[in-house]
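Number 167 in full-length UniProt numbering belongs to position 167 of the sequence shown; there are no gaps in the numbering.
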Amino acid sequence: MTKTLLIKNARVVVTMDDERREIAGGGVYIRDNVIMQVGPTADLPQDADEVIDAANHVVMPGLINTHHHMYQSLTRVIPAAQNGELFNWLTNLYPIWANLTADMVQVSTLTAMSELILSGCTTSSDHLYIYPNDCRLDDSIEAARKIGMRFHAARGSMSVGQSKGGLPPDRVVEEEGAILKDTQRLIETYHDAGRYAMERIVVAPCSPFSVSRDLMKEAASMARSYGVSLHTHLAENVNDIAYSREKFNMTPAEYAEDCGWVGHDVWHAHCVQLDDDGIYMFSRTGTGIAHCPCSNMRLASGIAPIRKMLDQGVPVGLGVDGCASNDSGHMLGEVRQAMLLQRVGYGPDAMTARQALEVATLGGAKVLNRDDIGALKPGMAADIVMFKLDQIGFAGALHDPVAALVFCTPSNVSYSIINGKVVVRDGVLATVDLPVVIERHNALARELALATSA
Ligand SMILES: [Zn+2]
């Protein structure tokens with residue numbers, strides 16, 4: 001049985017359509033999980049099974065998060081990892097993550113997804129690259145189904161431990177044969193290549209400094225044989241560049257190209273230190289980037305040259321990155337930091353509020369290789385968020401409510417509709433009991449810290 005939903009009377013509807021229309025007094029008409037009409041409220045059907053009055057709200061496409069490690073919600077603000085750069089930060093955290101369990105993966109994924117959804121995100125990727133004890137990617141997918149988030153689950157992996165010159169301790173790495181076998185199982189079990197897919201699998205060895213060249217190459221050929229995307233970390237900071245030069249005698253971009261890791265089906269997290277040749281090569285091949293400004297600032301990795309990448313046509317999306325290097329998972333907050341950080345690096349006109357929102361919607365869709373999300377127009381997936389404007393943080397900013405979303409204090413949504421389903425209603429998550437999730441999550445975070453100190 002079909003169900004219709006009408007959102008009407010918005011202060012403004014931000015469409016991100018081809019003309020980038022912003023429609024004052026607009027609305028959206030949805031049938032099941034698909035947008036049927038977008039326009040002035042008077043032009044839309046007046047009746048629907050459910051009607052949401054969006055007076056005094058900005059209505060926009062759901063934001064898209066292209067890089068995360070949701071299990072890290074359990075290890076936010078660990079004292080020993082508060083003040084280091086990437087490699088120091090990782091070596092302090094690996095021993096804690098070695099005690100992760102399947103239950104912890106599921107509860108931390110629910111926690112991270114709750115935070116993302118409340119902050120305006122409707123589609124997320126998650127890069128789970130550590131599988132100690134009984135951990136499986138299936139537990140992340142289970143959490144996404146429960147909360148109702150559109151999910152690109154990245155099967156990460158690490159195979160080169162310290163004894164082979166890698167960064168992670170040997171006890172948290174896996175055998176390469178087992179990695180590839182499990183990745184194949186996940187693709188065959190869960191990957192949905194269809195339009196409006198809620199679940200896609202991504203092949204995602206963790207980084208050039210934690211897997212072999214063979215695994216990079218075999219991962220690429222497996223991904224291409226199934227038509228799924230590839231994702232990893234690349235050129236994150238100067239130590240990452242030094243490792244690549246010393247170990248492979250190549251820049252990270254050259255190494256990625258050598259391993260077959262370029263193309264419209266590939267996106268790399270960070271690329272803070274991508275050089276001009278690398279940017280040109282990414283532009284030429286349509287290789288995407290997940291820009292994670294908070295994490296880059298937190299770990300003092302530098303300022304990614306996003307303005308230059310956008311000017312050259314490189315697909316760029318936003319990522320909050322893992323909760324141990326942000327340590328916020330607020331998607332609208334990340335949009336704000338993206339705008340501000342480009343200005344620190346490249347001047348006050350380096351990124352406008354609307355450009356930052358475009359990176360977080362259309363940009364993210366392109367990076368994830370999708371054309372069914374990121375804009376409000378007929379035929380697109382019904383992924384829609386609403387921000388209420390009569391809040392203290394927006395007081396005095398309503399000359400431009402769209403820019404206010406990015407310039408002012410990052411707000412939570414009052415409504416979120418994902419795949420046509422109302423997941424947040426009146427500011428409250430409808431699909432999970434959030435206080436129960438938080439309590440369970442805090443107990444597991446305590447358990448994880450104690451297991452490590454024991
Ligand atoms: Zn990351």
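For every residue, glycine included, the Cβ atom is placed at its ideal position computed from N, Cα and C.
No experiment lies behind these values; they were computed from the predicted model shown.
Measure the alpha-carbon distance for GLU257 versus LEU434 and round it to whole angstroms.
-> Along the sequence shown, read from residue 1 onward, the residue named residue 257 stands at position 257. Along the sequence shown, read from residue 1 onward, the residue named residue 434 stands at position 434. Those two C-alpha atoms are separated by around 43 Å.
Which residue spans inside the segment 272 to 323 form an unbroken beta strand (DSSP E) run of at least 3?
-> 288 to 291, 316 to 318
Integer Cβ distance of TYR94 from ALA204, believed to fall under 8 Å | Here residue 94 corresponds to residue number 94 of the sequence shown, with the count starting at 1. Here residue 204 corresponds to residue number 204 of the sequence shown, with the count starting at 1. TYR94 to ALA204, Cβ: 18 Å. No contact.
Helix, strand or coil for VAL13 per DSSP?
-> Within the sequence shown, the letter at position 13 stands for residue 13. Reduced to three states, the DSSP call for VAL13 is strand.
Is the beta carbon of VAL105 less than 9 Å from the beta carbon of ARG136?
-> Reading the sequence shown from its first residue, position 105 is the one you call residue 105. Reading the sequence shown from its first residue, position 136 is the one you call residue 136. Yes. Within cutoff.
Return the chain-ordered list of same chain residues with a C-beta closer than 7 Å to the C-beta of ALA112, the five sequence neighbours on each side being excluded.
-> The residue labelled residue 112 in the question sits at position 112 within the sequence shown. Excluding sequence neighbours, ALA112 sits near HIS68, MET70, SER73, CYS323, GLY329.
So ILE64 and GLY288 are in contact, right, with Cβ under 8 Å, and what is the actual spacing, rounded?
-> Taking the first residue of the sequence shown as 1, we reach residue 64 at position 64. Taking the first residue of the sequence shown as 1, we reach residue 288 at position 288. The Cβ separation is near 12 Å, so there is no contact.
Distance CB(ARG195)-CB(ASP17) smaller than 9 Å | The residue given as residue 195 occupies position 195 in the sequence shown. The residue given as residue 17 occupies position 17 in the sequence shown. No; because the gap between Cβ atoms is not below 9 Å, this pair is not in contact.
Does the distance from the CB of ALA143 to the CB of ILE201 come in under 9 Å?
-> On the sequence shown, residue 143 is found 143 positions in, with the first residue counted as 1. On the sequence shown, residue 201 is found 201 positions in, with the first residue counted as 1. The answer is no: Cβ separation not under 9 Å.
Report the three-state DSSP secondary structure of VAL432 (helix, strand or coil).
-> Against the sequence shown, residue 432 aligns to sequence position 432. Coil at VAL432, not helix or strand.
Can you name, in chain order, every residue of its own chain whose Cβ lies under 8 Å from the Cβ of ILE78, other than the five neighbours on each side?
-> Start at 1 with the first residue of the sequence shown, and residue 78 comes out as number 78. These residues qualify, in order along the chain: ASN92, LEU93, ILE96, ALA324, ALA449.
Taking the alpha-carbon positions, what's the GLY166 to VAL413 distance?
-> Translated into positions along the sequence shown, residue 166 becomes position 166. Translated into positions along the sequence shown, residue 413 becomes position 413. Their backbone Cα atoms lie some 42 Å apart in a straight line.
Confirm the yes/no value for this check: CB of HIS69, any heavy atom of ligand 1, distance under 8 Å.
-> One-based indexing of the sequence shown puts residue 69 at position 69. Result yes, Cβ under 8 Å from ligand 1.
Cα-Cα separation between ASP275 and PHE394, rounded to whole angstroms | Residue mapping note: residue 275 aligns to position 275 of the sequence shown, counting from 1. Residue mapping note: residue 394 aligns to position 394 of the sequence shown, counting from 1. If you take the alpha carbons of ASP275 and PHE394, they lie about 39 Å apart.
Could you give the distance in angstroms between the alpha-carbon of THR265 and the alpha-carbon of GLY396?
-> As a working mapping, residue 265 is identified with position 265 in the sequence shown. As a working mapping, residue 396 is identified with position 396 in the sequence shown. A small correction: the amino acid at residue 265 is Asp; Thr does not occupy that position in the sequence shown. About 43 Å.
Counting along the chain, where does the beta strand (DSSP E) carrying ASN65 start and finish?
-> In the sequence shown, counting from the first residue as 1, residue 65 sits at position 65. Where ASN65 is concerned, the enclosing beta strand (DSSP E) stretches over 63 to 65.
Cβ-Cβ separation, TRP267 to ALA304 (assumed contact under 8 Å), whole Å | Here residue 304 refers to the residue found at position 304 of the sequence shown. Here residue 267 refers to the residue found at position 267 of the sequence shown. Their Cβ separation, rounded to whole angstroms, is 13 Å, which puts ALA304 and TRP267 out of contact at 8 Å.
Anticipated Cβ contact below 8 Å, ILE52 with ILE7, distance rounded | What you label residue 52 is simply residue 52 of the sequence shown in a count that begins at 1. What you label residue 7 is simply residue 7 of the sequence shown in a count that begins at 1. Right, their Cβ atoms sit about 5 Å apart.
Name the residue from GLY317, PHE282, ILE147, PRO61 whose alpha carbon lies nearest to the alpha carbon of SER114.
-> Counting from one through the sequence shown, the residue named residue 114 turns up at place 114. When only C-alpha atoms are compared, the closest one is ILE147.
Based on the DSSP secondary-structure assignment, which residues constitute the bridge partners of PHE151?
-> By one-based count along the sequence shown, residue 151 stands at place 151. For PHE151, the pairing in a beta bridge is given by DSSP as SER124, GLU199.
Below 7 Å CB to CB, which residues in the same chain sit around VAL406 once its five sequence neighbours on both sides are set aside?
-> Here residue 406 is taken as the residue at index 406 of the sequence shown, counted from 1. Around VAL406: VAL335, ARG336, MET339, ALA353, ALA356, LEU357.
Could you give the distance in angstroms between the alpha-carbon of VAL262 and the alpha-carbon of ASP383?
-> The sequence position of residue 262 within the sequence shown is 262, counting from 1. The sequence position of residue 383 within the sequence shown is 383, counting from 1. Whole-angstrom Cα-Cα distance: 29 Å.
Excluding sequence positions up to five away, which residues of its chain have a Cβ less than 8 Å from the Cβ of residue 496?
-> Since the first residue shown for the chain is 1 and the last is 454, residue 496 is missing from the structure and cannot be characterised.
With PRO252 as the anchor, note down where its alpha helix (DSSP H) starts and where it stops.
-> The residue labelled residue 252 in the question sits at position 252 within the sequence shown. Element bounds for PRO252: 252 to 258.
Can you tell me whether ASN249 is buried or exposed, with buried defined as 16 or more other CB within 10 angstroms of its CB?
-> For the purposes of this step, residue 249 is taken as residue 249 along the sequence shown, with counting starting at 1. Under this definition ASN249 is an exposed residue.
Can you find a heavy atom of ligand 1 that lies under 8 Å from the Cβ of CYS292?
-> Taking the sequence shown and counting its residues from 1, the one referred to as residue 292 is at position 292. Correct: CYS292 has its Cβ closer than 8 Å to ligand 1.
Compute every distance between the C-beta of SER140 and the non-hydrogen atoms of ligand 1, then say whether any falls below 8 Å.
-> For the purposes of this step, residue 140 is identified with residue 140 of the sequence shown, where counting begins at 1. No, since every heavy atom of ligand 1 falls outside the 8 Å radius drawn around the Cβ of SER140.
List the residues that DSSP assigns as beta-bridge partners of ILE7.
-> Mapped onto the sequence shown, residue 7 falls at position 7. Its beta-bridge partners are VAL28, ILE52.
Could you give the DSSP three-state label for ALA204: helix, strand or coil?
-> For the purposes of this step, residue 204 is identified with residue 204 of the sequence shown, where counting begins at 1. Reduced to three states, the DSSP call for ALA204 is strand.
Would you mind stating whether ILE35 and ALA381 have Cβ atoms separated by less than 9 Å?
-> Looking up residue 35 in the sequence shown gives position 35. Looking up residue 381 in the sequence shown gives position 381. Yes, the pair counts as a contact, with Cβ atoms nearer than the cut-off.
Verify the contact flag: HIS152, CB atom, against every heavy atom of ligand 1, threshold strictly below 8 Å.
-> The residue given as residue 152 occupies position 152 in the sequence shown. No - ligand 1 has no heavy atom lying nearer than 8 Å to the Cβ of HIS152.
Hey, could you find the ends of the alpha helix (DSSP H) THR111 is sitting in?
-> The residue given as residue 111 occupies position 111 in the sequence shown. Per DSSP, THR111 belongs to the alpha helix (DSSP H) from 102 to 118.
Touching or not, the segment 205 to 212 and the segment 226 to 234, by the rule of three or more beta carbon pairs under 8 Å?
-> yes
Excluding five sequence neighbours on each side, which residues of the same chain lie with their C-beta closer than 7 Å to the C-beta of ASP32?
-> Looking up residue 32 in the sequence shown gives position 32. These residues qualify, in order along the chain: THR2, LYS3, GLY420.
Under 9 Å between C-beta atoms, does VAL34 make it to chain E?
-> Although the question refers to chain E, the structure presented lacks it and comprises just one protein chain.
Return the first residue and the last residue of the beta strand (DSSP E) that THR232 is part of.
-> As a first step, residue 232 is located in the sequence shown; it is residue number 232 there, counting from the start. Element bounds for THR232: 229 to 234.
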